[in-house]
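When we follow my numbering, the leftmost residue of the sequence shown carries the number 26, and every step to the right adds one.
Glycine residues also receive a C-beta, built at the ideal position from the N, C-alpha and C atoms.
The structure presented is a predicted model; accordingly, all values stated were derived computationally and were not measured.
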Amino acid sequence: MKALSVRQPWAWLIVRPDLSGTARLAAIAAGEIKDIENRVWPTRLRGRFLVHASKAMTRAEYDDAQDPLWASGGPTIQLPPFEQLERGGIIGAATIDACIHPADRTSKWHADGQYGFHLVDVKPIPFVPCKGALQFFDVPVDVAAQLQQMHDLGAIA
């Protein structure tokens, strides 16, 4: 299965493992879940992929993420503490249903001058360590087997 590495805290904002049920639906409606992954390159990929939280994250990146959070959702979006953000593994799954041209952006999460991968049906997955890569990449066989076992046991949908 394909995966895409996303730096924290942006990966957490896509997956939002802190929300479930009606709270998750309300957050989606309020734009408090990141529905766009920004890239300088377009993709033709449509369908399911795994969200990989990159291993690298600096304190400055974490702190810089606070400004767009206030613009996007205000104080209702509280990031976990820096030390608690999981890094270097799979944290969720999502579906790309469109790649939006920079000129056509409508989401507040879509950065100026970037292609926006529109994300739907995002589901948190319990953390599975995995080395990331640039662009979309195939997860290693052992990681795929671990995810399949979690699925078979009902731990993930």
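For D143, the first and last residue of its enclosing beta strand (DSSP E): Along the sequence shown, one-based indexing puts residue 143 at 118. Per the sequence shown, the amino acid found at residue 143 is His instead of Asp. Y140 to P154 is the extent of the beta strand (DSSP E) around H143.
Rounded separation between Q171 and V164 - CA only: Here residue 171 refers to the residue found at position 146 when the sequence shown is read from its first residue. Here residue 164 refers to the residue found at position 139 when the sequence shown is read from its first residue. Between Q171 and V164, the C-alpha separation is close to 11 Å.
Range of the contiguous beta strand (DSSP E) that encloses A118: Position 93 of the sequence shown, counting from 1, holds the residue named residue 118. G114 to I125 is the span of the beta strand (DSSP E), which, as asked, contains A118.
Nonlocal neighbours in the same chain, by C-beta distance under 7 Å from E86, ignoring five residues either side: By one-based count along the sequence shown, residue 86 stands at place 61. Result list for E86: R32, in chain order.
Assign I61 to one of three DSSP states: helix, strand, or coil. In the sequence shown, counting from the first residue as 1, residue 61 sits at position 36. Strand at I61.
When the Cα atoms are used, what is the spatial distance from I13 to P106? Because the chain here runs from 26 to 182, residue 13 falls outside it and cannot be looked at.
Can you tell me where the alpha helix (DSSP H) holding G189 begins and where it ends? Lying outside 26 to 182, the shown extent of the chain, residue 189 is not represented and no answer is given.
Using beta-carbon positions only, say whether L29 and K59 come within less than 8 Å of one another. Looking up residue 29 in the sequence shown gives position 4. Looking up residue 59 in the sequence shown gives position 34. Their beta carbons are not under 8 Å apart, which means L29 does not touch K59 by this criterion.
Report the partner residues of P133 according to the DSSP bridge assignment. Counted from its first residue, the sequence shown places residue 133 at position 108. The sequence given here places Lys at residue 133; Pro does not occur at that position. K133 is not bridged to any residue.
DSSP three-state label for A81, please. If you number the sequence shown from 1, residue 81 lands on position 56. Three-state DSSP puts A81 in coil, outside helix and strand.
If you pair each beta-carbon of the region 44–57 with each one of the region 154–164, do three or more pairs fall below 8 Å? no
Candidates D177, Q109, P42 and I116, of which the one nearest A78 by Cα: The residue labelled residue 78 in the question sits at position 53 within the sequence shown. Looking at the Cα atoms, I116 is the closest of the given residues.
Report the option in R64, K80, Q174 and A118 whose CA atom is closest to the CA atom of E188. No statement about residue 188 is possible, as the shown extent of the chain runs from 26 to 182 and does not include it.
State the DSSP-derived secondary structure class of A28, mapped to helix, strand or coil. Residue mapping note: residue 28 aligns to position 3 of the sequence shown, counting from 1. Reduced to three states, the DSSP call for A28 is strand.
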